[in-house]
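My numbering puts the last residue of the sequence shown at 469; the count rises by one with no breaks. Okay, structure first, notes after.
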Amino acid sequence: MAKENSQALFLHTDKTNLDKTHKNKHYYLLIGYCFILIIIGLFSEPITLLWAGMARILTSPSNLLTDYIELGTFGSAFVNSGLLTLISVLLAKKEKIPINGPMIAALFTVSGCSFFGKNLYNSIPIIIGGLCYAKIVKKPFSQFIVVSLFGSALSPIISYLTFGISLPLQFSIPLGCLVGIFIGLILPPLASHILTFHQGFSLYNVGFTSGLIAMMFTGILRMFGWKIEGKNLVSTEYHTKLLFFLLFLFFMMFLVGFIVNHFSLKGLKAISKTSGKLITDFISISGVGATMMNMSLMGLLLVGYTQVSHSTLNGPIVGAILSAVGFSAFGNHILNSLPLLISVFLTAQLSSVFEVNQTTVVLAGIFGTGLAPIAGYYGITFGLIAGFLHMSLVTNVSYLHGGLNLYNNGFSTGFVAAVMVPLLDNILQIRKVKQHARKRQS
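Written as structure tokens, this is what we have:
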């Protein structure tokens, strides 16, 4: 069954049939979102400051946590996100891929992580690698584009090899690009196989795959004496601006979704009844309008979580929120995500090591919703346990990849799901046997 699911993850794009006119309208909505980001960036500051910020972003090693708002400028971070997302949207449109849950999740993850690690230089080689893989196996690139977009989680490897190990650029640029293409080549077969590891109970399947690849690269680099450590470069000056942007975006998203859904809330109930386990495409279940409203509600929930935590909004936190909102088309909804947020918040409160308003803790809560299928399938109690385990693990696994995997939380959620799911299945099996025995006795 897991093998069938893994194959479906890549074939799903081709199996979704939408009317061409509707499909184009959906693309226009995404293109409009990209232009909102670009316009915000362009009108935030003088063009000279913006270009200087873009230059710093493009030439940074970019490993976690590198807040592009702090490294570059407020405007350059938004332009970087808007341009990279726009290129991804146009690529998907060129491949004539219908807009569905996996694609929305991939595009919003690209958009979100472009605030703290992905840029125009370090993402494109991975896409090229995906194209090469499609050529090699003689299949359409449309089957692998989602994995390639998610795979830009490993973009910091390219930037680090280019700008972080003190090689002359004439050697480091080809090295970084070739390694990026190689990563794009190996991601599709690995991601397909690794889905069986956590059985679809971690939404961030490619994040876990990327973590394994980054761990091996980091080990090789450290073996040859290169010191790879994570960063903690985050901005503190733009909380109000970022809060206004997020609230504006999510209220607009709900309004547009409500209109697209024919001025109805129909479909939200059907979404809330799902477990969220991969593969759960909310667009297939309830349509684009209801899915947009669900994304909006999840976005407002996550913004509320940051305010309850008294955290300062910055590039990584905004990126995490946008990424989780993307997965609200592909597994997340309020009912299966809230237990994870509560659990991480309470764990941080009880801990003597963490503060609930730390950026890393807030990221653990937001990205911890990648374990929402556990709460949705097994119940709230086990969702709370999953959040506790995720909080205990996520801050320790980052050393394994040195910040070269942007989906550090996805790496952690894969391990948590892999440990919990077999045990929970065993518990359920024992319960069924006992219930069956009681019925026979009665």
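The beta carbon of each residue, even a glycine, is placed where N, CA and C say it ideally should be.
Which residues in the same chain have their Cβ closer than 6 Å to the Cβ of residue i, if we skip the five residues on either side of it in sequence?
i: glycine 139; result: Gly346, Leu349, Ser350
i: threonine 396; result: Ala351, Asn359, Ser364, Leu367
i: isoleucine 67; result: Phe105
i: leucine 411; result: Pro366, Ser370
i: leucine 76; result: Thr100
i: leucine 362; result: Ser299
i: tyrosine 405; result: Leu451
i: isoleucine 154; result: Ser175
i: serine 141; result: Asn107, Ser108, Leu111
i: serine 313; result: Gly294, Ala297, Ile298
i: lysine 120; result: Tyr54
i: lysine 166; result: none
i: leucine 328; result: Ile361
How close, in whole Å, do the beta carbons of residue i and residue j come, if the pair is a contact with beta carbons under 8 Å?
i: serine 229; j: leucine 398; result: 6 Å
i: glycine 156; j: isoleucine 208; result: 4 Å
i: isoleucine 393; j: methionine 447; result: Isoleucine 393 to methionine 447, Cβ: 20 Å. No contact.
i: threonine 245; j: leucine 431; result: 6 Å
i: isoleucine 210; j: isoleucine 240; result: 6 Å
i: leucine 217; j: threonine 236; result: 5 Å
i: phenylalanine 354; j: threonine 307; result: Incorrect: roughly 10 Å between the Cβ atoms, too far for contact.
i: glycine 303; j: valine 233; result: Not quite, the Cβ-Cβ distance comes to about 17 Å (not below 8 Å), so this is no contact.
For residue i, I'd like the list of residues in its chain whose CB is within less than 7 Å of its CB, leaving aside the five on either flank, ordered along the chain.
i: threonine 48; result: Model confidence at threonine 48 stands at a pLDDT of 48, short of 50, so the residue's coordinates are unreliable and nothing is read from them.
i: valine 173; result: Thr40, Pro129, Met130, Ala133
i: serine 87; result: Thr93, Leu98, Ser186, Phe190
i: asparagine 259; result: Leu92
i: leucine 269; result: Leu340, Val345
i: threonine 333; result: Leu340, Ile344, Val389
With 16 other CB atoms within 10 Å as the buried threshold, where does residue i fall?
i: alanine 464; result: exposed
i: glycine 128; result: buried
i: glutamine 197; result: exposed
i: serine 116; result: A quick correction: the sequence has valine, not serine, at residue 116. It counts as buried.
i: valine 460; result: exposed
i: tyrosine 160; result: buried
i: phenylalanine 70; result: exposed
i: leucine 64; result: buried
i: threonine 267; result: exposed
i: methionine 280; result: buried
i: tyrosine 231; result: buried
i: isoleucine 124; result: buried
i: glycine 252; result: exposed
Which residues bound the alpha helix (DSSP H) around residue i?
i: glutamine 462; result: 435–468
i: serine 237; result: 232–250
i: lysine 268; result: 266–287
i: threonine 75; result: 74–85
i: phenylalanine 409; result: 407–428
i: valine 116; result: 101–121
i: serine 299; result: 295–299
i: glutamine 197; result: 196–225
i: glutamate 97; result: 95–98
Does any C-beta atom of chain D lie closer than 9 Å to the C-beta of residue i?
i: leucine 260; result: Chain labels in this structure do not include chain D; a single protein chain is all it has.
In its own chain, which residues sit with a C-beta less than 8 Å from the C-beta of residue i, not counting the 5 before and 5 after it?
i: leucine 147; result: Leu85, Asn107, Leu110, Leu111, Ile114
i: tyrosine 265; result: Ile96, Phe101, Leu340, Asn341
i: phenylalanine 62; result: Gly109, Leu113
Cβ of residue i within 8 Å of any heavy atom in the ligand HEM?
i: serine 425; result: For the structure depicted, the ligand HEM is absent and the ligand set is empty, with no information on it obtainable.
In chain order, which continuous runs of the alpha helix (DSSP H) of length 4 or greater are located wholly inside the segment 324–390? If you keep only unbroken alpha helix (DSSP H) runs of at least 4 residues inside the segment 324–390, you get 342–353, 361–377.
Where in the segment 131–182 do unbroken runs of the beta strand (DSSP E), each at least 3 residues long, occur, reported from the N-terminal end onward? DSSP runs (the beta strand (DSSP E)) wholly in the segment 131–182: none.
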